[in-house]
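Step one of this worksheet: look at the structure below.
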Amino acid sequence: MVGESQPANGQFSHAFITGPDGTSMTDLGTLGGRESGATGINDAGQVVGYSYTANGEQHAFIKGPDGAGMTDLGTLGGNQSFAFGINDAGQVVGYSYIANGEQHAFITGPNGGGMTDLGTLGGNQSFAFGINDAGQVVGASATESGHNHAFITGPDGAGMTDLGTLGGRESGATGINDAGQVIGASETDNGQNHAFISGPDGFGMTDLASVVDLPTGLTYFYANDINNHGQLAAVGGVPIPEPEMYAMLLLGLGLFSFLARGRVTA
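Numbering (our numbering), first residue to last: 1 to 266.
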């Protein structure tokens, strides 16, 4: 298990890793700055996340097996980057600021080597949140219309395909398994936020509420993880009004860095 935790003195949070079955908690340190957070781990125990550097920037990092060492993954030309997922080859995905200030999704090579810009769906921003062992990447990207849509790439991040929506304007993908089943959240035609699941390789976006029974009056807001058996984790409740949907969608997409960037500097 990985995440971030405040020390006993209540100072800035640090990334951590636990032992098997959540036993023990080890501080993973930082890239020289005050704070760090871990967002993903693979079967070898390689951890990814973000950390402040000594000069106050936030950079994506990768650690070796079982959390050993911390390597700065750099950026796509801007001053900040954030990692959100890693596969068993050590390919890392996330997003980075580019030189002109836009935010673009990225993928690295094995063991975090190199950082490649995945581009966008025609808009000015994209974010990658999940990757499977084939290197298929999922996330959200702005389209030419300015609305964010869920996307999937081919193996090793090749190409970017718009997965559309459940009838609304916005969607975003948060996870993918080795069969290419994608999960996430989408606005529906009536302005609500619903979780979705797709078939293999991202085909066919389906409202999760149509395939999994829930008590009357409840729905799934977003799905945030899926395994290779097709089992997934989702958050549900009473449908929320449209203005609140966008905040819920951002939460579901796991944009931890938006919160991190808003923290007061020391």
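A virtual CB, placed ideally from N, CA and C, is assigned to each residue, including glycine.
Here the structure is a predicted model, which is why all the values come from computation and not from measurement.
Between residue i and residue j, what straight-line distance do the alpha-carbon atoms span, to the nearest angstrom?
i	j	result
Ser-96	Gly-230	30 Å
Gly-158	Ala-8	Per the sequence presented here, residue 158 reads as Ala, with Gly not at that position. About 44 Å.
Gly-139	Asp-201	14 Å
Asp-43	Asn-228	14 Å
Ala-173	His-104	15 Å
Gly-204	Glu-144	22 Å
Thr-75	Asn-100	13 Å
Glu-57	Leu-214	44 Å
Gly-184	Ile-176	9 Å
Ser-24	Asp-189	46 Å
Val-2	Asp-162	31 Å
Gly-237	Thr-216	10 Å
Pro-65	Asp-225	22 Å
Leu-182	Ala-195	Note on identity: in this sequence residue 182 is Val, with Leu being the wrong assignment. So the two alpha carbons sit approximately 11 Å from each other.
Thr-26	Gly-10	17 Å
Glu-155	Asp-207	Note that residue 155 is Pro in the sequence shown here, rather than Glu. Their Cα atoms are separated by approximately 25 Å.
Met-77	Gly-180	Reading the sequence as shown, one finds Gly at residue 77 and not Met. In a straight line, the C-alpha of Gly-77 is about 30 Å away from that of Gly-180.
Cutting at 7 Å between CB atoms, please list the residues of its own chain near residue i, excluding the five before and the five after it.
i	result
Gly-112	Ile-62, Thr-71, Leu-73, Gly-90 and Val-92
Leu-28	His-14, Ala-15, Phe-16, Ile-17, Ser-36, Ala-38, Val-47, Lys-63, Gly-67 and Met-70
Leu-118	His-104, Ala-105, Phe-106, Ile-107, Ser-126, Ala-128, Val-137, Thr-153, Gly-157 and Met-160
Please return the same chain residues whose Cβ sits closer than 6 Å to the Cβ of residue i, not counting the five positions on each side in sequence.
i	result
Val-137	Val-93, Ile-107, Ala-128, Ile-131, Thr-153 and Gly-157
Glu-4	Ser-13, Ala-15 and Gly-37
Ala-6	With the sequence shown as reference, residue 6 is identified as Gln, and Ala is not the correct amino acid for it. These residues qualify, in order along the chain: Ser-13.
His-147	Arg-169 and Glu-170
Ser-141	Thr-120, Leu-121, Ser-126 and Phe-151
Thr-53	Leu-31, Gly-32, Gly-33 and His-59
Would a C-beta distance cut-off of 8 Å place residue i and residue j closer than the cut-off?
i	j	result
Val-211	Phe-221	no
Gly-199	Gly-168	no
Ala-223	Ala-233	yes
Gly-67	Ser-51	no
Ile-86	Gly-40	yes
Ala-150	Asp-178	no
Glu-187	Leu-166	yes
Glu-102	Asn-79	no
Leaving out five residues before and five after residue i in sequence, what residues of the same chain have Cβ atoms less than 8 Å from its Cβ?
i	result
Glu-244	At Glu-244 the pLDDT is 49, less than 50, meaning the model places this residue with poor confidence; the figure from the coordinates comes in the next sentence. Once the five neighbours on either side are set aside, Glu-244 has no close Cβ partner at all.
Gly-114	Thr-108
Ala-83	Thr-39, Gly-40, Val-48, Gly-49, Tyr-50, Ala-60, Phe-61, Ile-62, Leu-73, Val-92, Val-93 and Gly-94
Ser-81	Tyr-50, Gln-58, His-59, Ala-60, Leu-73, Gly-74, Thr-75, Gly-94, Tyr-95, Ser-96, Tyr-97, Phe-106 and Met-115
Pro-110	Ala-89, Gly-90 and Gln-91
Less than 7 Å between the CB of residue i and some heavy atom of the ligand NAP, yes or no?
i	result
Ser-51	No copy of the ligand NAP occurs in the structure displayed, which carries no ligand at all.
Which whole runs of the beta strand (DSSP E) in the region 47-117 are 3 residues long or more, in chain order? The region 47-117 contains these whole beta strand (DSSP E) runs: 47-53, 58-62, 77-86, 92-98, 103-108 and 115-117.
Original post:
Per the contact definition of three or more C-beta pairs closer than 8 Å, is the region 30-47 in contact with the region 14-22?
Top reply: Using a C-beta cut-off of 8 Å, the region 14-22 makes contact with the region 30-47, since at least three inter-stretch Cβ pairs fall below that distance.
Can you list the beta strand (DSSP E) stretches of 3 or more residues lying completely in the region 189-247, in chain order? You should have 193-197, 219-226 and 232-237.
(Q) I'd like the ranges of any beta strand (DSSP E) spanning at least 3 consecutive residues and lying wholly in the region 119-191. (A) If we require 3 residues or more, the beta strand (DSSP E) runs fully inside the region 119-191 come out as 122-131, 137-143, 148-152, 167-176 and 182-188.
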